[in-house]
Amino acid sequence: MSATASGSYFLGVDGGGTGCRARIEDEVGTVLGQGLSGPATTRLGIDEAWASISRAYNAAIEEAGFGSAEIARIRAGIGLAGIGRKGALEALRAIAHPFASIDFVSDGVGACLGAHSGLDGAIVIAGTGSIGLGFVEGRDLRVGGYGFPISDEGSGADLGLKVVQLALRAHDGRHERTALLAEVMQRFQNDPMEAVAWMDRATATDYAALAPMVMRHADQGDPVGRRIVQSAAEQIDTFVRVLFEQGAPRVTLLGGLSSPLEPWLSPDVRRRLKPADGDAVSGAIILARKSFVCR
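Remember, this note's numbering sits 1031 above the position in the sequence shown when you count from 1.
Quick look at the structure:
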């Protein structure tokens, strides 16, 4: 049966660590409803992640004006942060839902599907964390992304960690003191023990909140800021080059740091990057459509 004859609708959800977005489209891609909610990541627990997903898709359903008959014709694709955690996928698949079908992938895979319209390709995400991933002829590609602080090179969290480390060294005379490092220490009342107390409870997101300051000082010529940002850019360069070496026909740079970092990348890498076709919600809808075609 064709998609047109079926009267199916397609729901895409992008569940990330900072928020969750949902969108419903018809067979020809007309947007019928959209919804937003708070963080949706398995790190918060399956129940809380699903509650956030539900709030987002229920808002989209309400905007679309759907009743139970239309909801039963929805085919859903869900991209979710942290889906690789042990037992997460099984737990999600066990949750009752009102849709005709549902399929799950990581938020990164959803973003990759959207970036390349479902075709083979890869993405490098430079945001709070960092990762390179993609798919080529049925093979999954992955570079890095093992979590902060042991991985996530070139990410916002990595920038934040490095600048705090150097600020402490500058404070006690082991490193040159620059305007950037002085501003970091001002955040801790120029007291290293305040920095230690902050570190004890700081998350990757807290470290990443320092990244805009690092970028600002780097762009203004601060030598320490420039070295930190250049080092991060070199890590992103490596992600991109390795993905091409592994066979990716196209690579897209995504994430909150992608635009600020792009001017710092090597010219050969910048030339080879491809703009994204669509976002992670588009990728989740592609997943829903593929599930429909392949069912």
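C-beta: ideal position from N, C-alpha, C; glycine also.
Residue i (DSSP reduced to helix, strand or coil)
i: V1282; result: strand
i: F1275; result: helix
i: R1173; result: strand
i: G1050; result: coil
i: A1307; result: coil
i: G1139; result: helix
i: S1033; result: Because the pLDDT of S1033 is 33, which lies under 50, any placement of that residue in the model is unreliable, and the question is left without a value.
i: G1110; result: strand
i: G1163; result: strand
i: T1269; result: helix
i: Q1065; result: strand
i: D1045; result: strand
i: D1253; result: coil
i: D1134; result: strand
Unbroken alpha helix (DSSP H) run spanning residue i, endpoints
i: Y1238; result: 1235-1239
i: V1227; result: 1223-1232
i: I1181; result: I1181 -> no alpha helix (DSSP H), and no H or E assigned at all.
i: I1084; result: 1077-1095
i: V1245; result: 1242-1250
i: A1213; result: 1210-1218
i: I1154; result: Run containing I1154: none in the alpha helix (DSSP H); it sits in the beta strand (DSSP E), 1152-1157.
i: R1124; result: 1119-1124
i: P1291; result: 1289-1292
i: R1099; result: In the sequence as presented, Arg is not what sits at residue 1099; that position holds Ser. 1099-1102 is the span of the alpha helix (DSSP H), which, as asked, contains S1099.
Rounded Cβ spacing between residue i and residue j (contact assumed at less than 8 angstroms)
i: A1307; j: G1110; result: Incorrect: roughly 14 angstroms between the Cβ atoms, too far for contact.
i: I1317; j: L1292; result: The Cβ separation is near 27 angstroms, so there is no contact.
i: D1134; j: A1319; result: 7 angstroms
i: L1123; j: I1181; result: With a Cβ gap of about 26 angstroms, L1123 and I1181 do not count as contacting.
i: D1189; j: A1142; result: With a Cβ gap of about 20 angstroms, D1189 and A1142 do not count as contacting.
Beta-carbon spacing of residue i, residue j below 7 angstroms
i: R1074; j: G1113; result: yes
i: A1235; j: F1270; result: no
i: R1106; j: S1132; result: yes
i: G1139; j: L1164; result: yes
i: G1191; j: A1242; result: yes
i: D1253; j: T1209; result: yes
Within-7 angstroms CB hit, residue i to chain D
i: D1151; result: Included in the structure is just one protein chain, with no chain D present.
Original post:
Just checking, does the segment 1162-1180 make contact with the segment 1194-1206 on the three C-beta pairs under 8 angstroms criterion?
Top reply: no
**OP:** Report yes or no: do the segment 1059-1070 and the segment 1086-1100 share at least 3 C-beta pairs separated by less than 8 angstroms?
**Re:** yes
**OP:** Evaluate contact between the segment 1254-1271 and the segment 1123-1143, counting only Cβ atoms and requiring at least three cross-stretch pairs below 8 angstroms.
**Re:** no
Original post:
Is the segment 1178-1185 touching the segment 1205-1218 in the sense that three or more CB pairs, one from each, lie closer than 8 angstroms?
Top reply: no
Original post:
Just checking, does the segment 1145-1163 make contact with the segment 1274-1287 on the three C-beta pairs under 8 angstroms criterion?
Top reply: yes
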